[in-house]
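At position 50 of the sequence shown (counting the first as 1) the number is 49 in numbering that gives the first Met the number 0, and the numbers step up by one without a gap.
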Amino acid sequence: MPEICRFLGIKIFMYPLDHEPPHFHAHYQGFRSVWSIQEGTMLAGELPPRLARIVKRWATEHQDKLLENWKRCLKNEQPRKIAPL
Numbered sequence: 000m001p002e003i004c005r006f007l008g009i010k011i012f013m014y015p016l017d018h019e020p021p022h023f024h025a026h027y028q029g030f031r032s033v034w035s036i037q038e039g040t041m042l043a044g045e046l047p048p049r050l051a052r053i054v055k056r057w058a059t060e061h062q063d064k065l066l067e068n069w070k071r072c073l074k075n076e077q078p079r080k081i082a083p084l
């Protein structure tokens, strides 16, 4: 699973050929979560509340790049790195 960003101990991943809706995965220590790219909301899993707010802010700031990466993943291409906060 390609890591596209890392900040504050949070790792952000995207899988090529993953299922809809457009989303990314955020991991922090033992926590795992799945986030909607278009809505900027957590779809599944759990993160500590403070870190969830930070991931939401990061996703909102980088929504265009996340959607570009999603399109790459749909073509089975590797997603590109995205800057941290």
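Don't be surprised by glycine CBs; every beta carbon is placed ideally from N, CA and C.
In the structure shown, the three-state DSSP call for Ile-36 is coil. Assignment of Ala-51 by DSSP, reduced to helix, strand and coil, places it in the helix class.
Only buried fits Met-13, as 16 or more other CB atoms lie within 10 angstroms of its CB. Between Glu-45 and Ser-35, the CB-CB gap reaches or exceeds 8 angstroms. A distance below 8 angstroms separates the beta carbons of Pro-21 and Trp-69.
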